[in-house]
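Enquirer:
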Amino acid sequence: MNYLIHILIMISIYTILSISLNLPVGYTGLLSLAQAAFYGIGAYAVTLLMMQAGINFFLAIVMAIIISAALSLLVSYPSIRLKGDYFILASLAFQIIIFTILYNWMGMTNGPYGIPGIPRPEIFGIVFDSLPKFLALSGVIAIAVIIIAKRLYSSSFGLVLKAIREDELSAISIGKDVRKFKIMAFAISSGLAAIAGALYAVYVTYIDPTSFTLDESIFILSIVLIGGSGNLKGPIIGVLFMILLPEGLRFLGMPDSIAANARQIIYALILILLMRFRPQGLAGEYKLG
Amino acid sequence: MVDILRLENISNSFDGLKVIDNLNMNVKAGKISAIIGPNGAGKTTLFNLICGYLYPDNGSIIYKDKDISMLPPWERASIGIGRLFQDIRVFKKLTLLENLLVTFNDSSDSPLKAMFGRRDKKEKEKIESSLKWLDFVGLIDIKENLAENLSWGQQKLLSLARLLCGNFDLLLIDEPVSGVSPSMADSILGKIKELRSLNKTIIIVEHDMDAVKEISDYVYFMDSGKFAASGSPQEIFGNQKVIGSYLGV
Amino acid sequence: MLLQFLINGIASGALIAIMAIGFWFIYRATSLFHIAHGGVYTAAAYIFYSLYISNGISLSLASLLSLTFSGILGLIMYFVVYSPLEKKHASEGIKFISSLAIYIFIVNIIALIYGNETKMLSEWTSKSISFGNIIIIKIQIYEFISFLILLMASYLFVKRTKSGRAIRAIGDNPLLFKAIGLNEKWVKGMVFVIGSAIAGVASILAGLDVGIDPRIGMSALLNAVVAVIVGGVKKIEGVVLGAFLIAIIQNLVIWQFSARWESAATFLVLVIVLLYKSGGLLVVKRRIEEL
């Protein structure tokens, strides 16, 4: 039962992550390999704000969102004009740069040793220290993110993004500052990723940079590509698939020693097949490029 | 301001070839001008220069008495320069209504408002305005259709509606009646003529001489990056030089 | 110490250059961002390990077989994955993701078969020559010599042969390519074979130098990509220059700061070059690519 709750908590955290990446990938056509970096920035920001400055989790999360979104400008502002493969490369470069900073800035992040003893969130006297309570918290936050995403997609802002992904030149011709919109989408995406990072930090109560590597970025991107992007259900289906598949493998008796590699092999094969035969993913709306 | 658009000594080269050669142009507000000329004369390039997809090597572009030569294309569009491309470019996977709704350039595009704000009457006004223009071009019945399902001519009408909804004052229309049936051409030309009463300034590029004769107040004959002749339609179509080198016979 | 730094720089530069040349062949002719090239690199190293260490086959035969294997592997990748995508006019993004997926696929199969630990290939690492307090490891000499041979061969191939001209013409100048008369699929298949075999050269040398693990492909590939972008995609000379520049910067960072900042420095250089090439931060005059 506890294990089931744990899975549900991970599903809620990854739902937030995949919805966050849906905005650049599925609505602005930007394939980003930097999402884990913002996930990490959110985790570290909340941790440091809570532990060094004694700030309440719920306020810290808001501040982490702003910090993450602001830092995303450093990445997007120069990179947004790059085309196709070069943008992906730039995002990869920033992912590695940010990871290296998290890994080596001993004074701030404690480097590879990580930060243990992260306190649980609390508000109005309620401490979220049991699994069911934490699931309630992460579940509510995930649902809030879904609602915010839905509002975004169906708004004028969302319509402009859809127009940009449809025909960027045409969007320019009706007066849209396409760069600005892409940068905004990227900033929102980074802010949302920070929420996931915050939840992760107070759930596991220990963070270190190895949770926020390029591999993690690739994993998050795979969720969005396999599930599909450009709509609401794609990313959610992606999360369910990517998190439940390994559980299924374990259920079928696959030993843990080969499970990690087997999982990756399966994900990779599915990606290759989807890119070839169904680029909109299992349930998405947007076909890459 | 009588001249809504002035081009002063505009030149533009591509790969060493001079595509636009020291060109001057004064466009009077509220009139319909046409640019005619053989293929490769530089007509579409001229449009691209005015819209900002290309920057001039020399010269200035003055719009409403303001020098816009270095302004990026989106900004030129946002101050009223609208473009209808030769390949039209409506948003195919958006509905007709959405194609118009997206043209509004105001703070309603803000993401913060989208996430946390409440629906206000601005939205309603936008929808009403969009419907008005869809009606104007006769497409209101199919407003929920995806734009990709329209015929070529209907897409042109939709683009026109887009330009009107977006409140552009200077409309650059690249081949308004190419590839459409005669009846659709009449429809389109009729709508363009109606725009004069709305105080829109229109420049069209066209190969269909009947269309040009029918709607333009002023005609420019363009050849090799320059205006070889310009004047009223009667003057141009009576001009021996023009007839000889372009109109054939 | 400066001399030591230079020697290390030249040796690692040679390795990056070899990998970059292989990547360049493929990119030049196909415009494909062949991330899976890193997978070919890894596979070649492990096949070599199986042949040379596990089965005691001689160094030269093991090398030859490994290079042949990697060439064929690259060719298979082209025909099974890339070529069908090209036919469908798939977007750059789709091709990139497919390539990344191929990489993940191969590397995980290797990890499954061989395990994740680092394996050493030889005692070459301890065979060194010293001049005072400068140490040159024998393998470093081989790396540099291999690089020189490969560079000469590639240069002559690209400049003097029909195929070489075809590789350059195929993307830039379709008319010229038609005039040369070679079949497009043939040329593309060929660059995959050549490029992949070259990756094998790099990985065997690096493997003999520092050992192998399933992760070596990604770092080798990324270094090569940075080298190609920094040095310029059009000419092979630029690629080589880029490789040595990157190697120098990396070794400089290791020498003056710490090895921990090496990758950050490399990618910072990449970002700066990408920005500069895309017009810098102040864009005054631009052209819209296609209308």
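Chains as they are written, first to last, in numbering that gives the first Met the number 0: chain A, 0 to 288; chain B, 0 to 248; chain C, 0 to 290.
C-beta atoms are modelled at their ideal positions from N, C-alpha and C, and glycine is treated no differently.
(1) For Lys114/B, which residues in chain A fall below 7 Å Cβ to Cβ?
(2) Using the rule of at least 16 other Cβ atoms within 10 Å of the residue's Cβ for burial, across every protein chain shown, is Val283/C buried or exposed?
(3) My output table needs one value for Arg88/B: the three-state DSSP class, helix, strand or coil.
(4) Should Asp207/A be labelled buried (16 or more other beta-carbon atoms within 10 Å of its own) or exposed?
(5) Ala259/A to Gly37/C, Cα distance in whole Å?
(6) Is Glu74/B helix, strand or coil when you go by DSSP?
(7) Anything in chain B within Cβ reach of Met183/A, meaning under 7 Å, just list it in chain order.
(8) Pick from Tyr77/C, Leu1/C, Leu84/C, Ser98/C: whose alpha carbon is nearest that of Asp84/A?
(9) Checking the sheet assignment: what are the DSSP bridge partners for Glu121/A?
(10) Thinking C-alpha only, which one of Ile202/B, Val101/B, Gln153/B, Val18/B is nearest Ser172/A?
(11) Ser57/C and Ile203/C look like a contact to me (Cβ under 8 Å); what is the Cβ gap, rounded to whole Å?
(12) Measuring straight from C-alpha to C-alpha, what distance separates Asn250/C and Ile140/C?
(13) Give the residues of chain A in contact with Asn47/B, contact being defined as C-beta atoms less than 8 Å apart.
(14) For the region 90 to 106 of chain C, which residues have a CB atom closer than 9 Å to at least one CB atom of chain A, in sequence order?
(15) Output the boundary residues of the alpha helix (DSSP H) element that contains Glu7/B.
(16) Taking Phe156/C as the query, report the chain A residues whose CB atoms sit under 8 Å from its CB, ordered along the chain.
(17) The alpha helix (DSSP H) that contains Phe37/A, what's its start and end?
(18) Whole angstroms are fine: how far does the CA of Val268/C sit from the CA of Glu215/A?
(19) If we ignore side chains and look at the alpha-carbon of each, how far apart do Leu151/A and Leu198/A end up?
(20) Alpha carbon to alpha carbon, what distance is there between Lys17/B and Lys192/B?
(21) Starting from Phe130/C, trace the beta strand (DSSP E) in both directions and tell me its first and last residue.
(22) The alpha helix (DSSP H) that contains Ser218/C, what's its start and end?
(23) Does DSSP classify Val248/B as helix, strand or coil?
(24) Would Ile17/C and Asn222/C be called neighbours here (beta carbons separated by less than 8 Å)?
(25) Which residue marks the beginning of the beta strand (DSSP E) containing Ala227/B, and which one marks its end?
(26) Tell me which residues share the same chain as Leu64/C and place their Cβ nearer than 7 Å to its Cβ, disregarding the 5 neighbours each side in the sequence.
(27) What's the gap between the Cα of Asn166/B and the Cα of Phe13/B?
(28) Is DSSP giving Val218/B helix, strand or coil here?
(29) Tell me the rounded alpha-carbon separation between Glu289/C and Lys212/B.
(30) Between the region 237 to 260 of chain C and chain A, which residues of the former have a C-beta closer than 9 Å to a C-beta of the latter?
(31) Where do the N-terminal and C-terminal ends of the alpha helix (DSSP H) with Ala33/B fall, by residue?
(32) Give me the Cα-Cα distance between Thr265/C and Leu220/C, rounded to the nearest whole angstrom.
(33) Can you list, in chain order, the stretches of the beta strand (DSSP E) that have 3 or more residues and sit fully within the region 95 to 130 of chain B?
(34) Output yes or no for whether 8 Å exceeds the beta carbon distance between Lys199/B and Leu170/B.
(35) Measuring only between beta-carbons, confirm whether Leu147/C sits less than 8 Å from chain A.
(36) Show which residues of chain A have a CB atom less than 7 Å away from the CB atom of Glu97/B.
Expert: Checking against the coordinates, here is how it stands:
(1) According to the sequence displayed, residue 114/B carries Met and not Lys. Within chain A, the residues near Met114/B are Ile147, Arg150, Leu151.
(2) With a pLDDT of only 35 at Val283/C, under the threshold of 50, the placement of this residue in the model should not be trusted; the figure read from the coordinates follows. Exposed: under 16 other Cβ atoms inside 10 Å.
(3) coil
(4) With 16 or more other Cβ atoms from the protein chains shown falling within 10 Å of its own Cβ, Asp207/A counts as buried.
(5) 20 Å
(6) helix
(7) Here the neighbours are Pro110.
(8) Ser98/C
(9) Beta-bridge pairing links Glu121/A to Val126/A.
(10) The residue with the shortest Cα to Cα distance from Ser172/A is Val101/B.
(11) In fact, because the Cβ distance is near 13 Å, the residues do not count as touching under 8 Å.
(12) 17 Å
(13) None at all; the shortest Cβ gap to chain A is about 11 Å.
(14) Answer set for the region 90 to 106 of chain C: Ser90, Glu91, Gly92, Ile93, Lys94, Phe95, Ile96, Ser97, Leu99, Ala100, Ile101, Tyr102, Ile103, Phe104, Ile105, Val106.
(15) Counting along the chain, Glu7/B falls outside any alpha helix (DSSP H), though it belongs to the beta strand (DSSP E) covering 2 to 13.
(16) By Cβ distance, chain A contributes nothing, its closest Cβ being about 26 Å from Phe156/C, past 8 Å.
(17) Residues 34 to 52.
(18) Going by the C-alpha atoms only, they are around 23 Å apart.
(19) Here the C-alpha atom of Leu151/A lies approximately 22 Å from the C-alpha atom of Leu198/A.
(20) 34 Å
(21) 127 to 130
(22) Ser218/C -> alpha helix (DSSP H) spans 215 to 230.
(23) With a pLDDT of 43 at Val248/B, under the threshold of 50, the modelled position of this residue cannot be trusted; read the value that follows with caution. Looking at Val248/B - three-state DSSP - the assignment turns out to be coil, as it is neither helix nor strand.
(24) no
(25) Counting along the chain, Ala227/B sits inside the beta strand (DSSP E) bounded by residues 225 to 230.
(26) Leu50
(27) The straight-line gap from Cα to Cα measures roughly 33 Å.
(28) strand
(29) With a pLDDT of 35 at Glu289/C, under the threshold of 50, the modelled position of this residue cannot be trusted; read the value that follows with caution. The alpha-carbon atoms of Glu289/C and Lys212/B are separated by roughly 32 Å.
(30) Those residues of the region 237 to 260 of chain C that come within reach of chain A (Cβ to Cβ, closer than 9 Å) are Ser257, Arg259, Trp260.
(31) Segment 31 to 35 is the beta strand (DSSP E) holding Ala33/B; no alpha helix (DSSP H) there.
(32) 13 Å
(33) none
(34) For Lys199/B and Leu170/B, yes; Cβs fall inside 8 Å.
(35) With 8 Å as the cut-off, Leu147/C does not count as an interface residue toward chain A.
(36) Annotation: Cβ neighbours of Glu97/B in chain A (cutoff 7 Å, chain order): Leu158.
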